[in-house]
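Using this note's numbering, read the sequence shown as starting at 1 and increasing by one per residue.
The beta-carbon is built from N, C-alpha and C at its ideal position, and this holds for glycine as well.
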Amino acid sequence: MSTTLISAPAHNLIGGEWRNSRGGETYEKRDPWHPSRVTGVYQASTAEDAKTAIDAADTALADWRALPAPTRASFFLRAADAIEVRVERIAQDMTAEMGKPLRESRLEAARAAVMLRYSAGEAHRSAGEVYEPSVPNQMLYTRRRPVGVVGLITPWNFPAVIPVWKLAPALIYGNTAVLKLSYEAPRTGLHVAECFAEAGLPAGVLNVLTGAGSTVGAELVRNPQVRAISFTGSVAVGNSVRDNATTRNCRVQLELGGHNPLVVMADAELDRAVEAAFAGAFWSAGQKCTATRRIFAHEAVYDAFREKLLARIEAGKVGDPADPVTEIGPVVNERALEEVLGAIERGKNEGGVVATGGVRASDEAYLVAPTVFEDVADDAFLSREEVFGPVTSLYRFSTLDDVLARANAVDFGLSAAMFTRDLHTVHRFANELQAGILHVNSQTAGADVHVPFGGLKGSAWGPHEQGRAAIEFYTETVTVYQDSPLTSPD
Ligand code: NAD
């Protein structure tokens, strides 16, 4: 049986069928630009729904892992085709549901298809190594085998690509999956599920649920049939997921928050650095794990950089995310709005000075003006905690030693950027900056599909995601000592 198609994707996909939650409850999602507008109604799934999905994944596992990898890849290529046909619809829905500016939503939707094509290529790459044996007549090799049923728990801020960058390696290596979409932005993940249904994916290989972390997520974490959990989200939730799942020896991978620095050296190309600071801090309203939270400008260029950055913000297009020219739209929901405005107040109370922004920019929409702080102490809240919105702080520094130490003086270690033309400085940055993703002369955000992605320190746990790195998490290595029989069977 293959997965059936539906026209209205506000159901769970379980065992190849689009189903209502057994609990019968649904919830509404609203547009952060027009909060009175309902963008969709989704299943408020229960732990029982999650159990059913896990059983379906378990049932599908044996046949799926037995398929030749290129056959598994054929579903990916068809699903990628299906995504490409509906990029604009996915992008529009993403923008309406979580407020990402359309220009970025379009890129994200298209990238989901590229990821599937990259992962399809894994079917033709090696899944083990051959070694020289120590004795005669022996084959000695390793084999990568699927882990089993995997649980994928995703956030709202990249609602198309994060589900895909987890499910694609999971499935191509022969696992089956239960994907829990974010409560806040399930629509685009359901589009991806539909594209796999259109591709004829066998029933139960990919199961997709909407609903709360406390029901669906918690069941994935505690259910012994789930052999691995890949989680992307906040530090607090991620760490509790890890602590609970590892007590039952479940494999866990976490991608968490960041407090990403951008360093502008005295020899930097200032205009490029300003563009990178603007994009890194404010695109997607600063709601990226890799967003620029701290900007360190060398004292020799601080004033010039500051002036240019404020001018760029003044010229920036802030407003309706559905307008293709908009650069900065609303934050995801009312709670996020309150948290960001609360963080701005706390930043001021701790001595920070607002250079621009610092206020709500719309009576109706959850829009926060792009905000730059100055005079923030290195041990102040804004210098250490992730504020998930369009808020960044500008600091002055005098030496490379000083800035590297201050850039590293946080619990996080996700991404970092440096603008300089000096090779020695680049070398020190590449060797000493404590972050998993380093950018030289480009912004802190951005990730290619074919290279490892992941943080250090408190930003992550377990192997990196994406590219060839994903094989580490989604497979287990076995070593085979294969001695030849001494006689032939006949
Ligand atoms: P979140 O931690 O609130 O939620 C993430 C997911 O966990 C959601 O699907 C949620 O429903 C689920 N969840 C909640 N409680 C759970 C529980 N008890 N058990 C299991 N699952 C549970 O995060 P969010 O607000 O959706 O996303 C924003 C955060 O994600 C930010 O901190 C951001 O930095 C981080 N993030 C990190 C990366 C990365 O790759 N490092 C990428 C994107 C976002």
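According to the DSSP secondary-structure assignment, Q138 is paired through a beta bridge with D483. Here F388 carries a coil assignment [DSSP, helix/strand/coil]. The residues V252, in chain order, have a CB closer than 7 angstroms to that of T246 in the same chain once the five nearest residues on each side in sequence are set aside.
The straight-line gap separating the alpha-carbon atoms of V237 and A96 is approximately 26 angstroms. Per the coordinates, the alpha-carbon of I437 lies some 15 angstroms from the alpha-carbon of R293. When DSSP states are grouped into helix, strand and coil, A44 belongs to the coil group. In its chain, beyond the 5 residues on either side, V376 have a beta carbon closer than 6 angstroms to the beta carbon of S383. DSSP places W18 outside any alpha helix (DSSP H); the residue lies instead in the beta strand (DSSP E), whose first and last residues are 17-19. With contacts defined by Cβ atoms closer than 8 angstroms, L102 and P330 do not form a contacting pair. Closest in alpha carbon position to A365, among I14, H11, R37, G15, is R37. Exposure of E432 is indicated by the presence of fewer than 16 other C-beta atoms within 10 angstroms of its C-beta. Within a 10 Å sphere around the beta-carbon of V130 sit fewer than 16 other beta-carbons, which makes this residue exposed.
Scanning the region 192-271 for uninterrupted beta strand (DSSP E) segments of 3 residues or longer gives 206-209, 226-232, 251-255, 260-264, listed from N- to C-terminal end.
Annotation note: the region 147-193 contains the following uninterrupted alpha helix (DSSP H) runs of length 4 or greater, listed N- to C-terminal: 161-172.
W156 has its Cβ nearer than 7 angstroms to a heavy atom of ligand 1.
Boundaries of the alpha helix (DSSP H) harbouring E97: 87-98, taken from the DSSP string. Ranked by how close their Cα comes to the Cα of A44, the residues G217, S240, E299, V387 have G217 in first place.
Partner residues in a beta bridge of M115, as assigned by DSSP, do not exist. Taking each of L171, L107, S214 in turn and checking the Cα distance to A193, the smallest one comes out for L171. Within the chosen limit of 7 angstroms, ligand 1 reaches the beta carbon of V237 through at least one heavy atom. Nearest neighbour of P169 by Cα position, chosen from Q466, V226, V451, turns out to be Q466. By alpha-carbon distance to E122, the top candidate from L367, A69, G455 is A69.
Residue environment analysis places M139 among the exposed positions, since fewer than 16 neighbouring C-beta atoms fall within 10 angstroms of its C-beta. Distance from the CA of L61 to the CA of K180, rounded to the nearest whole angstrom, comes to 18 angstroms.
Under the DSSP definition of a beta bridge, T475 partners with P146. Excluding the 5 residues flanking it on each side, N20 has same chain C-beta neighbours closer than 7 angstroms at H11, Q43, in chain order. Counting along the chain, the unbroken alpha helix (DSSP H) around F429 starts and ends at 423-432.
Rounded to the nearest whole angstrom, the C-alpha separation of T371 and V147 is 45 angstroms. For A212, the shortest separation between its Cβ and any heavy atom of ligand 1 lies below 7 angstroms.
Only exposed fits N137, as fewer than 16 other CB atoms lie within 10 angstroms of its CB.
Setting aside the 5 residues that flank it on each side, S459 is surrounded in the same chain by L256, G258, F412, G413, L414, each with a C-beta closer than 6 angstroms to its C-beta; the list follows chain order. DSSP places N12 in the uninterrupted beta strand (DSSP E) bounded by 12-14. Counting C-beta pairs with one atom in each stretch, the region 74-87 and the region 17-35 have fewer than three that are closer than 8 angstroms, which means they do not touch.
From the listed residues A197, R272, G213, the smallest Cα separation to V440 is found for R272. Three or more beta-carbon pairs drawn from the region 70-82 and the region 110-120 are found closer than 8 angstroms, and the two stretches are therefore classed as touching.
Taking the Cβ atoms as the reference, L209 lies roughly 22 angstroms from D63, outside the contact range of under 8 angstroms.
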